[in-house]
Amino acid sequence: MKSPDIRHIMKNYGIVIAFIFICIILSILSPVFLTKINIINIVRQTSIYGIMAVGMTFVILTGGIDLSVGSLLAVSGVACAGMLKAGFGPFPAFIVTILVGTFFGLVNGFIINAGKITPFVVTLGMMSIARGLTMLYTKGYPISGFDEGFRKIGGGYFIGIPIPIIIFLATVALAWLILTQTRLGRYTYAIGGNEETVRLSGINAPFFKTLIYGISGLTAGISALILTSRLNSAETIAGTGYELDVIAAVVIGGTSLSGGRGAIWGTFIGALLIGVINNGMNLLGITAYFQLVVKGIIIIGAVLLDRLRD
Numbered sequence: 008m009k010s011p012d013i014r015h016i017m018k019n020y021g022i023v024i025a026f027i028f029i030c031i032i033l034s035i036l037s038p039v040f041l042t043k044i045n046i047i048n049i050v051r052q053t054s055i056y057g058i059m060a061v062g063m064t065f066v067i068l069t070g071g072i073d074l075s076v077g078s079l080l081a082v083s084g085v086a087c088a089g090m091l092k093a094g095f096g097p098f099p100a101f102i103v104t105i106l107v108g109t110f111f112g113l114v115n116g117f118i119i120n121a122g123k124i125t126p127f128v129v130t131l132g133m134m135s136i137a138r139g140l141t142m143l144y145t146k147g148y149p150i151s152g153f154d155e156g157f158r159k160i161g162g163g164y165f166i167g168i169p170i171p172i173i174i175f176l177a178t179v180a181l182a183w184l185i186l187t188q189t190r191l192g193r194y195t196y197a198i199g200g201n202e203e204t205v206r207l208s209g210i211n212a213p214f215f216k217t218l219i220y221g222i223s224g225l226t227a228g229i230s231a232l233i234l235t236s237r238l239n240s241a242e243t244i245a246g247t248g249y250e251l252d253v254i255a256a257v258v259i260g261g262t263s264l265s266g267g268r269g270a271i272w273g274t275f276i277g278a279l280l281i282g283v284i285n286n287g288m289n290l291l292g293i294t295a296y297f298q299l300v301v302k303g304i305i306i307i308g309a310v311l312l313d314r315l316r317d
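Residue numbers for the sequence shown follow the numbering used here, so the first one is 8 and each next one is one higher.
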């Protein structure tokens, strides 16, 4: 019988092996790590940027990138807070939050496709625009003090499971169905593989790419709901730096930066891995400044790993 190819195993299951290895190391270094409370806390923390990583997976599968997700979370959260403070109920606020995130995402996609501008430049600009609009509206002050019903989204439980975790898992499951069972999923992979071939086959690639950036904005809106509810506040700095964790989770999870290859389950594990690393550094008392260094190393390592896979 032919022995398993080590390279094949590492290519397909390397993220799982790394996840297990890091969990073992952290459980040895910190007795708190494997406690039930801490595990739930890790997944709950992960859910916020993990949901955005799901949307980012669609974008990166097409060969694009979205640097604006953290700022879209902030502007969506402020829109939510503004609705609630104006006297609207939670449901209208939910809808507006999702629509705001989706709108900015669609604008990203439209400019990228209509102007034929690289996604890096467009989303970098949108990152600044959305953050600036957030500061203009709030004057730099947080908006806080929401009713108990709204706060349950980020801090409540359903059948003993934190609601953010349920939303995260539902988002992952829905994304898996879309990518594996629908025309949008097939086109997402095809555009990343060879966009010109997709165009020649009669598929409206710009439309689907714009839609995909809308999905990225939508997931930022969902994350904004959870974060605003959990903190009982919408702040101008919300989501700052989240794009780093989001992109790292997607790339570590096996999605190629050049597009056309990846899977949502990899993003799910990648997001959990980032969450475990963040939690582990906090438990070990590593300063926030050094944590930024570690995250930078992780991102560079993820990109190098992506190149090795290719």
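Where a beta carbon is used, it is the ideal one built from N, C-alpha and C, also for glycine. The model shown is predicted, which means the values in this text are computed figures rather than measured ones.
Original post:
What does Tyr164 pair with, by DSSP beta-bridge criteria?
Top reply: Pro169
Original post:
CB-CB under 7 Å to Leu251, same chain, minus the five flanking residues each way: which ones, in chain order?
Top reply: Lys302 and Ile306
**OP:** Spatial neighbours of Val23 within its chain, please: CB distance less than 7 Å, with the 5 preceding and 5 following residues excluded, ordered by chain position.
**Re:** Ile276
Original post:
According to DSSP, is Ile244 helix, strand or coil?
Top reply: coil
Subject >> Secondary structure of Ser151, DSSP reduced to three states >> reply: strand
Subject >> Closest by C-alpha distance to Ile49, when choosing among Leu279, Leu312, Ala231 and Phe297 >> reply: Leu279
Subject >> Proximity to Ser265 [Cα-Cα], best of Ala197, Ile136 and Ile293 >> reply: Ala197
Original post:
Rounded to a whole number of angstroms, what is the C-alpha to C-alpha distance between Phe215 and Thr69?
Top reply: 10 Å
**OP:** Give the range of the alpha helix (DSSP H) segment to which Thr195 is assigned.
**Re:** Arg190 to Leu207
Subject >> Cα-Cα separation, Leu315 to Gly267 >> reply: 16 Å
Subject >> Status (buried if at least 16 other CB within 10 Å, exposed otherwise) for Ile58 >> reply: buried
Original post:
Taking the Cβ atom as the reference point for each residue, do Ile2 and Phe110 lie within a distance shorter than 8 Å?
Top reply: The first residue shown for the chain is 8 and the last is 317, placing residue 2 beyond what the model contains.
Original post:
In angstroms, rounded to a whole number, what distance separates the CA positions of Tyr164 and Val257?
Top reply: 27 Å
Subject >> Inter-residue spacing [alpha-carbon to alpha-carbon] between Thr104 and Pro126 >> reply: 23 Å
Original post:
Got a sec? Which residues, its chain only, sit under 7 Å from Ala270 by beta carbon, not counting five neighbours each side?
Top reply: Gly261
Original post:
Are the beta-carbon atoms belonging to Thr235 and Ala60 less than 8 Å from one another?
Top reply: no
Subject >> Length of the line joining the Cα atoms of Leu311 and Gly96 >> reply: 47 Å
Subject >> alpha helix (DSSP H) segment containing Pro38, residue limits >> reply: Taken as a continuous stretch (DSSP letters only), Pro38 belongs to no alpha helix (DSSP H), as it is neither H nor E.
Original post:
Rounded to a whole number of angstroms, what is the C-alpha to C-alpha distance between Ile174 and Phe101?
Top reply: 14 Å
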